[in-house]
């Protein structure tokens with residue numbers, strides 16, 4: 051089993067992320083869902099909230115605010131197609 055999976059986050063306007071990560075968590079309509087490498091295939095509706103991920107070498111931890119859309123998990127590739135998304139800024 052692989053140690054990472056590919057996480058892609060995009061909106062209708064642009065792609066915000068395309069990186070190898072070791073875990074990710076995002077908001078659904080009834081709470082949060084998280085995945086690790088090797089997760090079973092799924093499609094789900096996104097809610098509004100915070101998407102977090104822990105990257106592989108050189109990526110680190112990331113946080114994004116997302117709202118609405120869909121997520122697909124298939125063959126160690128997670129595609130987040132959000133209506134709105136923005137990368138959290140360091141404070």
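Numbering (the numbering used here), first residue to last: 51 to 141.
Every residue, glycine too, gets a C-beta built ideally from N, C-alpha and C.
Within 10 angstroms of the beta-carbon of residue 82 lie fewer than 16 other beta-carbons, which makes it exposed. Per DSSP, the unbroken beta strand (DSSP E) holding residue 69 starts and ends at 65 to 78. Per DSSP, the beta bridge partners of residue 101 are 114. Its chain contains 132, 135 as the residues whose beta carbon lies nearer than 6 Å to that of residue 61, once the 5 sequence neighbours on both sides are disregarded; these appear in chain order.
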